[in-house]
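These notes are about the structure you will find just below.
In the UniProt record's numbering, the protein residues as written are 1 to 84.
What follows is the structure in structure tokens.
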């Protein structure tokens, strides 16, 4: 018989490209059956999405999501025409 494996890792990355606006990051670590992490990204509307997550074989999974910042919305000038 083989001993039970105990997977373990940790990683993170970050992108900050001010020229294209691509801004995102992630961090995650695992020990055995428990995985915990978070990620964030700047969305096209100007807001920032931040997600925290946790999962294991005993508790299931938990996710929280927070969206913050100023949301930029384009306003269109729509003119009515009388078709009649």
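For each residue, glycine too, the CB sits at the ideal point set by N, CA and C.
- Rounded to the nearest whole angstrom, the C-alpha separation of residue 18 and residue 37 is 25 Å.
- Listed as beta-bridge partners of residue 15 by DSSP are 24.
- A straight line joining the alpha-carbon of residue 15 with that of residue 22 spans about 7 Å.
- The C-alpha of residue 9 is placed about 33 Å away from the C-alpha of residue 46.
- Annotation: residue 2 is outside any beta strand (DSSP E) and is labelled neither H nor E by DSSP.
- For residue 56, the uninterrupted beta strand (DSSP E) run begins and ends at 48-56, by DSSP.
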